[in-house]
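Participant: This is the structure I have questions about; it appears just below.
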Amino acid sequence: MGSGAPIGIFDSGLGGLSVTASIHALLPSEELSYFGDSANAPYGTKPPEMVAQRCMDIGDAFMDQGVKAMVIACNTATSVCVEEMRRRYPVPIIGMEPALKPACQRGGGLPQRVIVTATPLTLKEDRFSRLMDRFKATHTIFAQPCPDLVRIVESGHLDDHDLVDATLHKYLDRYDLDTMDSIVLGCTHFVFFKERIASLCPPGLALMDGNEGTARHLRDLLSEAGRLNESEAPGRVHIANSDSSPRIIEYSRHLLETCKS
Ligand code: DGL
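Under the numbering used here, think of the first position of the sequence shown as 1, with each following residue one higher.
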């Protein structure tokens with residue numbers, strides 16, 4: 001497989017398109033093959049074994065396509081099975097985890113108060129407990145599951161501002177946001193709500209996501225392996241989805257464009 005081979009990117013559904021936009025912006029020559037598993041979304045409220053099985057099926061299909069790397073554009077799938085995927089596939093596997101480390105570090109040594117939003121499964125998995133263990137002695141961390149935000153994206157209701165605001169209030173009103181330093185968007189679907197969340201927050205509160213960090217990590221791994229696509233031609237973003245309804249690819253393209261602007 002040459003450096004012109006595609007990079008496989010997947011998520012439980014449409015959230016990973018926000019990561020795809022960051023990858024395309026940083027690595028515009030790369031061919032990107034996106035797979036959204038919307039027919040099986042959400043992953044965040046399913047048993048881990050079921051999520052792992054879907055990830056292996058998707059990974060096998062990517063290997064058949066000859067991908068040179070895979071990006072698990074899903075915090076939930078990463079928590080469940082990134083290690084298993086790394087053992088199973090002979091290509092670099094890039095996972096994602098809630099951006100708690102940069103959220104804590106942005107205080108320059110001062111203790112931070114951080115809300116980590118994610119799916120129920122991400123917050124339940126050992127991987128997240130291990131991440132918390134690294135920071136909880138110094139910082140105050142609140143873990144907030146927000147499963148309804150995933151449903152809003154998947155059902156195409158992102159523009160329903162009343163629904164979006166009511167859902168955000170349901171999850172965030174229990175916190176005094178004036179006392180917080182940052183909110184981590186620990187699910188790739190949540191990145192689509194960035195502006196609406198920011199409108200509820202005091203100006204100094206930072207919203208942290210892992211999308212650009214993931215794109216840079218992918219670039220560094222491909223560069224070390226001598227596998228970056230050096231072509232001058234613009235790379236394409238191919239989108240596929242397990243949901244066969246006609247709206248899904250058009251809606252995916254729309255979401256990808258939303259993230260670019
Ligand atoms: N987008 C996913 C994540 O980053 C999962 C959403 C879901 O399917 O519950 O965790």
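Every residue gets a Cβ at the ideal spot worked out from N, C-alpha and C, and that includes glycine.
(1) Span of the alpha helix (DSSP H) holding Ser-22?
(2) Going along the chain, which unbroken runs of the beta strand (DSSP E) with 3 or more residues stay wholly within the segment 21-72?
(3) If we count the other Cβ atoms within 10 Å of its Cβ and call it buried at 16 or more, is His-238 buried or exposed?
(4) Which residue from Leu-121, Pro-102, Gln-65 puts its Cα closest to that of Val-51?
(5) At a cut-off of 8 Å, is Asp-173 close to ligand 1 when judged by its beta-carbon and the heavy atoms of the ligand?
(6) Check this for me: beta carbons of Leu-205 and Met-180, under 9 Å apart or not?
(7) Using only CA atoms, which one of Ala-39, Ala-73, Phe-62 lies nearest to Ser-22?
(8) On a CA-only basis, which of Arg-253, Asp-209, Glu-232 is nearest Leu-100? Give me that one, please.
(9) When every heavy atom of ligand 1 is checked, does at least one fall within less than 8 Å of the C-beta of Cys-81?
(10) Taking the DSSP output, what are the residues bridged to Val-114?
(11) What are the residues that DSSP puts in a beta bridge with Met-208?
(12) For Phe-142, count neighbouring C-beta atoms within 10 Å of its own C-beta (all shown protein chains included) and say buried if the count is 16 or more, exposed if not.
(13) So, does the segment 2-12 touch the segment 224-238, judging by three or more C-beta pairs under 8 Å?
(14) Cα separation between Glu-154 and Thr-138?
(15) Count the other CB atoms within 10 Å of the CB of Lys-68; is the residue buried (16 or more) or exposed (fewer)?
(16) Report the CB separation of Pro-102 from Gly-235 in whole angstroms; it is logged as a contact under 8 Å.
Facilitator: Put simply:
(1) Annotation for Ser-22: the continuous alpha helix (DSSP H) segment containing it runs 16-26.
(2) Counting only unbroken stretches of 3 or more residues, the beta strand (DSSP E) elements lying wholly within the segment 21-72 are 32-36, 69-72, in sequence order.
(3) Flag for His-238 reads exposed.
(4) Here the closest residue by C-alpha is Leu-121.
(5) In terms of side-chain proximity, the C-beta atom of Asp-173 is found no nearer than 8 Å to any non-hydrogen atom of ligand 1.
(6) Closer than 9 Å, so yes.
(7) Of the listed residues, the one whose Cα sits closest to Ser-22 is Ala-73.
(8) Residue Asp-209 is the option with its Cα nearest to Leu-100.
(9) No.
(10) According to DSSP, which records beta bridges pairwise, Val-114 is partnered with Ile-141, Ser-182.
(11) Note: Met-208 sits in a beta bridge opposite Val-184.
(12) It is exposed - the Cβ of Phe-142 has fewer than 16 other Cβ atoms within 10 Å.
(13) The segment 2-12 makes contact with the segment 224-238, as at least three CB pairs between them are under 8 Å.
(14) Roughly 37 Å between the two C-alpha positions.
(15) Classification for Lys-68: buried.
(16) Pro-102 to Gly-235, Cβ: 27 Å. No contact.
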